[in-house]
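Residue numbers (the numbering used here), protein chains in the order written: chain P, 1 to 263; chain D, 264 to 526.
For each residue, glycine too, the CB sits at the ideal point set by N, CA and C.
Here the structure is a predicted model, which is why all the values come from computation and not from measurement.
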């Protein structure tokens with residue numbers, strides 16, 4: 001498979017680049033641990049004051065945080081760095097180097113999705129899995145095999161949704177280079193640290209169906225605790241498929257607007 | 264002190280930043296989301312009751328004021344200062360007939376006005392929707408303005424001396440990230456300080472971080488006894504004085520060590 005070979009080559013190149021800055025490693029460890037501490041302490045402080053909030057207790061809220069960290073880590077592994085190289089501050093769309101990406105004999109959308117890898121994100125993934133494991137072990141009853149399956153499916157849908165949302169926000173950069181639209185998404189994504197049910201109804205609807213950051217964390221956590229009904233499972237899978245198709249279409253349309261950087 | 268030149272620099276920076284205001288609006292949106300999430304979480308947690316002396320309207324008032332104070336005191340200029348020292352941009356600063364602190368102050372002033380032009384209307388609109396309960400006495404307002412000025416001085420100067428560590432250590436901006444995390448936890452952003460567990464509350468009372476954001480808000484809301492306000496203002500002034508001294512010392516020692524990388 002030529003695609004797998006290409007991805008392998010991208011991974012090797014990224015790993016070599018990352019290994020060149022070894023001193024950075026400890027800084028990244030520090031950042032990851034701070035992020036973890038802030039998340040865990042935030043939830044712990046909340047649950048020293050209340051036992052339940054909108055049907056969630058301490059361990060199920062921890063499960064949401066675990067899913068949040070896992071999804072963020074998968075984003076940091078390749079989706080984030082790859083799209084960042086396209087539309088970040090002073091990157092390809094801005095300085096015109098996107099010309100060279102367009103000219104490559106491979107699908108452009110494939111290239112901009114998979115070309116940068118950041119293997120340190122595996123450490124973040126480990127932290128997320130750790131939080132999730134603590135949450136699962138604190139739950140009253142063990143998680144059934146079926147619920148693990150639903151969890152896997154909804155987590156997959158979450159990653160697809162995250163990718164689609166980021167691709168759509170990245171496409172906006174073709175309209176006005178110099179604006180980092182993914183920062184808007186990053187800001188909204190922070191709302192996904194907490195159960196989507198605690199937000200006011202209009203916001204809850206927006207975060208579930210329109211900018212589905214709630215779908216990315218609350219739904220997998222619900223699948224794990226067995227609170228997910230079949231409709232929401234089907235809904236999240238359907239939404240993921242629809243958003244993937246929609247975002248790909250938007251991106252392909254947007255690249256047509258690209259007029260390089262020369263004056 | 265070259266006041267006329269300093270004012271010209273501040274005005275020039277402000278005018279150029281206003282051209283890119285959409286960019287700063289996005290940044291400001293990202294900075295206001297963490298307190299906004301706390302607002303929604305705590306008002307859901309409070310429901311019809313009250314927690315630690317705050318009911319739903321109280322939480323809304325607390326966090327809307329906090330969003331303003333957080334933006335007003337946030338010193339984004341210190342993030343760029345480290346880069347300027349590392350990349351050699353400081354060379355230009357040193358050649359100008361102005362104390363270098365004017366450069367940082369000019370981006371402070373420009374950043375404040377541009378971001379507040381976004382944050383104040385948004386906070387106002389949120390106040391209309393969420394209906395805060397706020398009664399402010401004249402004396403509380405005066406004390407608030409005093410502690411707000413001290414909070415700005417403290418947060419700016421504290422970040423300034425941390426950023427100046429870039430003279431010795433290139434990754435000193437990691438310490439700014441640590442400061443942000445500590446502000447989030449101890450300064451009443453994740454929860455009002457009175458709702459924190461006892462050991463965190465004790466730490467918050469003595470460390471400088473609560474006095475950068477949370478303290479002025481508590482003063483305005485009038486929940487603190489008079490003795491506690493006096494104690495707080497004294498601690499705030501003490502830390503601010505220490506930060507000014509540290510910044511002056513660091514600058515004097517660092518500038519001797521600076522070896523003008525790049526250009």
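What does DSSP give as the partner residue(s) for residue 56 of chain P in the beta ladder? Residue pairing by DSSP places residue 56 of chain P opposite P/53 in a beta bridge.
Nearest candidate by alpha-carbon position, reference residue 90 of chain P, set P/228, P/173 and P/223: Ranking the options by Cα distance to residue 90 of chain P, first place goes to P/173.
Give the range of the alpha helix (DSSP H) segment to which residue 101 of chain P is assigned. For residue 101 of chain P, the enclosing alpha helix (DSSP H) has its first and last residue at 98-103.
How would you list, in chain order, the residues of chain D whose beta-carbon sits under 7 Å from the beta-carbon of residue 42 of chain P? Within 7 Å Cβ-Cβ: 453.
Which word fits residue 499 of chain D, buried or exposed, when buried means at least 16 other C-beta atoms lie within 10 angstroms of its C-beta? Buried.
Chain P contact residues for residue 297 of chain D, given Cβ-Cβ distances below 7 Å: Those within 7 Å of residue 297 of chain D in chain P are 190.
Does residue 27 of chain P come within less than 8 Å of chain D when only Cβ atoms are used? Answer yes: the Cβ-Cβ gap between residue 27 of chain P and chain D drops below 8 Å somewhere.
Determine the closest residue to residue 216 of chain P out of P/188, P/142, P/19 and P/117, with distance taken between C-alpha atoms. It is P/188.
Could you pull out every residue in the same chain whose Cβ sits closer than 7 Å to the Cβ of residue 322 of chain D, ignoring the five residues on either side in sequence? Excluding residues within five positions, the ones whose Cβ falls inside 7 Å are 302, 305, 306 and 309.
List the residues of chain P that residue 518 of chain D touches, going by C-beta distances under 9 Å, in chain order. Those within 9 Å of residue 518 of chain D in chain P number zero; the least Cβ separation is about 25 Å.
So what does DSSP say about residue 194 of chain P, is it helix, strand or coil? DSSP, read as helix, strand or coil, puts residue 194 of chain P in coil.
Taking buried to mean at least 16 other C-beta atoms within 10 Å of its own C-beta, is residue 522 of chain D buried or exposed? Classified as exposed, residue 522 of chain D has fewer than 16 neighbouring CB atoms from the shown chains inside 10 Å of its CB.
Use the C-beta contact count for residue 526 of chain D: other C-beta atoms within 10 angstroms, 16 or more gives buried, fewer gives exposed. Confidence is the limiting factor: at residue 526 of chain D the pLDDT is only 44, short of 50, which leaves the residue's position unreliable, though a coordinate-based value still follows. It counts as exposed.
Measuring alpha carbon to alpha carbon, tell me which of P/17, P/68, P/58 and P/155 ends up nearest residue 223 of chain P. Minimum Cα distance to residue 223 of chain P is reached at P/155.
How do the region 140-149 of chain P and the region 99-110 of chain P stand: do at least 3 beta-carbon pairs fall below 8 Å, yes or no? As far as the Cβ criterion goes, the region 140-149 of chain P does not touch the region 99-110 of chain P, which means the pair count is below three.
Could you confirm whether any beta carbon from chain D is found closer than 8 Å to the beta carbon of residue 198 of chain P? So yes, residue 198 of chain P belongs to the interface.
Would you say residue 258 of chain P touches the ligand NAD, meaning its beta carbon is less than 7 Å from a heavy atom? Judged by which ligands are present, the structure shown has none, so any question about the ligand NAD falls away.
Please list, in chain order, the chain P residues whose beta carbon lies closer than 9 Å to that of residue 505 of chain D. Within 9 Å Cβ-Cβ: nothing; residue 505 of chain D doesn't reach chain P, min ~24 Å.
Look up residue 317 of chain D in the DSSP assignment and give the residues it is bridged to. Paired residues: D/314.
How is residue 248 of chain P classed by DSSP in three states: helix, strand or coil? Looking at residue 248 of chain P - three-state DSSP - the assignment turns out to be helix.
Of all Cβ atoms in chain P, is any one closer than 8 Å to the Cβ of residue 348 of chain D? Residue-level contact by beta carbon fails for residue 348 of chain D and chain P, as no gap is shorter than 8 Å.
Grouping DSSP H, G and I as helix and E and B as strand, with all else coil, what is residue 361 of chain D? In the three-state reduction of the DSSP assignment, residue 361 of chain D falls in the coil class, being assigned neither a helical nor a strand state.
Beta-carbon separation of residue 503 of chain D and residue 406 of chain D under 8 Å? The answer is no: Cβ separation not under 8 Å.
Quick check on residue 206 of chain D: buried or exposed, where buried means 16 or more other Cβ atoms within 10 Å of its Cβ? The question about residue 206 of chain D has no answer, for chain D in this structure spans 264 to 526.
What residues in the region 278-292 of chain D have a beta carbon less than 9 Å from any beta carbon of chain P? Here the close residues are 283, 285, 286, 289, 290 and 292.
If we require 4 or more residues per run, which alpha helix (DSSP H) segments fall completely within the region 439-496 of chain D? Complete alpha helix (DSSP H) runs here, min 4: 461-469 and 477-484.
At which residue ranges does the region 149-200 of chain P contain complete alpha helix (DSSP H) runs of 4 or more residues, listed in the order of the chain? 182-189, all fully within the region 149-200 of chain P.
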